[in-house]
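Take the sequence shown: its position 164, counted from the start at 1, is 167 in my numbering, and no numbers get skipped. Each residue gets a CB set at the ideal place from its N, CA and C atoms; glycine is no exception. Here the structure is a predicted model, which is why all the values come from computation and not from measurement. Taking it in order: structure first as structure tokens, then the write-up.
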Amino acid sequence: MIVEDEVELAEIERDFLLAEQYDVLLCHDGNTAFGLFQQYQPDILLLDIMLPGTDGIEILRRVRTESTAIVIITSAKESEFDRILGLGLGADDYMTKPFSIKEMVARVKAQLRRSFYFNEKLSNTEHVIGFQNIKIDLKSRQIMNGEAEIFLTVKEYDILVFLLQHPNQVFTREQMFEHIWGTWEVGDLNTITVHIQKIREKLNDAESIVTVRGVGYRFNGAML
């Protein structure tokens, strides 16, 4: 699903994605975007921030209350603050306009490929993992802290599970980005930092995922 008020740009994005055999839904204003999202439940959402009516940030907030669909923000806002805000609210990627349409298609493919990879991997691993009071059902992607459910975004979940499945191993941000997203570029590395911060906040646990200064991160908890 593409939510973009620049009609010509939205149609170009749609045509390139149609050429790759994706089904594409277009929306040009913020007021109807969330209703269409609920109705059609797309696998991935390309979301502009500056929209007529409801802005993209509010749409992102609403989406994340009920869905783990992949969200890629496309915005003319290029400041670090805007990127961190979008990623912190649960976006999986952030592209600054103007961008290459071919790169956009490549990022869509990479996001969907990673999602497919994690789903396929379940057949070769235990279905429930965890640590302390946290239990993660890898089939349903449900995370429980005792009786309370914890809601992570797609990429927050993927990062957490990746670290849990490699306990006590240190990974650089480059390694983590390449594994989770399938690619990396210098401007994207802060994405890892933001997601780690959000995971710690949502788990209410600042100690199990350890920052190894000057290197990266590792999971330091005791697995169940």
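_Neighbour-count burial assignment, residue 159, 16 or more Cβ in a 10 Å radius_ = Along the sequence shown, one-based indexing puts residue 159 at 156. Residue 159 is buried by the Cβ-count criterion.
*At which residues does the beta strand (DSSP E) containing residue 89 begin and terminate?*
Here residue 89 refers to the residue found at position 86 when the sequence shown is read from its first residue. Segment 83-91 is the alpha helix (DSSP H) holding residue 89; no beta strand (DSSP E) there.
*Quick one, are the C-beta atoms of residue 156 and residue 99 less than 8 Å apart?*
Along the sequence shown, read from residue 1 onward, the residue named residue 156 stands at position 153. Along the sequence shown, read from residue 1 onward, the residue named residue 99 stands at position 96. In this structure, residue 99 does not lie closer than 8 Å to residue 156 by Cβ.
_Considering Cα atoms alone, identify which of 130, 182 and 221 is closest to residue 172._
The count along the sequence shown starts at 1 and reaches residue 172 at position 169. Checking every option, the nearest Cα to that of residue 172 belongs to 221.
*Note the first and the last residue of the continuous alpha helix (DSSP H) segment covering residue 216.*
On the sequence shown, residue 216 is found 213 positions in, with the first residue counted as 1. Looking at the DSSP string, residue 216 is not in any alpha helix (DSSP H), and its letter there is neither H nor E.
*Could you please give the first and the last residue of the uninterrupted beta strand (DSSP E) stretch that includes residue 97?*
Residue numbering aside, residue 97 sits at position 94 when the sequence shown is read from its first letter. From DSSP, the beta strand (DSSP E) with residue 97 extends over 96-99.
*Is the CB-CB distance between residue 28 and residue 43 below 8 Å?*
In the sequence shown, counting from the first residue as 1, residue 28 sits at position 25. In the sequence shown, counting from the first residue as 1, residue 43 sits at position 40. Contact flag set, yes.
*On the three-state DSSP scale, how would you describe residue 173?*
Position 170 of the sequence shown holds residue 173. Reduced to three states, the DSSP call for residue 173 is coil.
*asked:* Within the continuous beta strand (DSSP E) that includes residue 138, where are the two ends?
replied: If you number the sequence shown from 1, residue 138 lands on position 135. Where residue 138 is concerned, the enclosing beta strand (DSSP E) stretches over 137-140.
*Best match in 168, 108, 83 and 87 for proximity to residue 48 [C-alpha to C-alpha]*: Within the sequence shown, the letter at position 45 stands for residue 48. Among 168, 108, 83 and 87, the Cα nearest to that of residue 48 is on 108.
*Kindly list the residues whose CB is nearer than 6 Å to the CB of residue 3, restricted to its own chain and excluding five residues on each side of it in sequence; keep chain order.*
Outside the modelled stretch of the chain, which goes from 4 to 227, sits residue 3, for which no answer is possible.
*So residue 152 is in the beta strand (DSSP E); what residue range does that whole segment cover?*
To locate residue 152, count along the sequence shown from 1; it is residue 149. That run of the beta strand (DSSP E) goes 151-153.
*asked:* Starting from residue 77, trace the beta strand (DSSP E) in both directions and tell me its first and last residue.
replied: If you number the sequence shown from 1, residue 77 lands on position 74. It spans 73-78 - the beta strand (DSSP E) in which residue 77 sits, taken as one unbroken run.
*What separation, rounded to the nearest whole angstrom, lies between the Cα atoms of residue 204 and residue 81?*
In the sequence shown, counting from the first residue as 1, residue 204 sits at position 201. In the sequence shown, counting from the first residue as 1, residue 81 sits at position 78. For residue 204 and residue 81, the distance between alpha carbons rounds to 25 Å.
*Own chain residues within Cβ distance below 6 Å of residue 7, not counting five before or after*: Position 4 of the sequence shown, counted from the start, is the residue given in the question as residue 7. For residue 7, where only same-chain residues beyond five positions count, the Cβ hits under 6 Å are 13 and 51.
_Mapping the DSSP letters down to three states, classify residue 133 as helix, strand or coil._
Here residue 133 corresponds to residue number 130 of the sequence shown, with the count starting at 1. Three-state result, residue 133: strand.
_Do residue 176 and residue 217 count as a contact pair if the criterion is CB distance below 8 Å?_
On the sequence shown, position 214 is the one that residue 217 refers to. On the sequence shown, position 173 is the one that residue 176 refers to. No, the Cβ-Cβ distance between residue 217 and residue 176 is not below 8 Å.
_By alpha-carbon positions, which one of 58, 87 and 18 ends up nearest to residue 33?_
Counting from one through the sequence shown, the residue named residue 33 turns up at place 30. The option with the nearest alpha carbon to residue 33 is 58.
*Cα separation between residue 210 and residue 18?*
Residue mapping note: residue 210 aligns to position 207 of the sequence shown, counting from 1. Residue mapping note: residue 18 aligns to position 15 of the sequence shown, counting from 1. Answer to the nearest angstrom: the Cα atoms are 46 Å apart.
_Closest Cα partner of residue 195 within the set 208, 174, 207 and 206_ = Numbered from 1 along the sequence shown, position 192 holds the residue referred to as residue 195. Closest option to residue 195, judged by alpha-carbon separation, among 208, 174, 207 and 206: 174.
_Of the residues 16, 10 and 5, the one placed nearest residue 102, counting alpha carbons only_ = Walking along the sequence shown from the start, residue 102 turns up at place 99. Comparing Cα positions, the closest option is 16.
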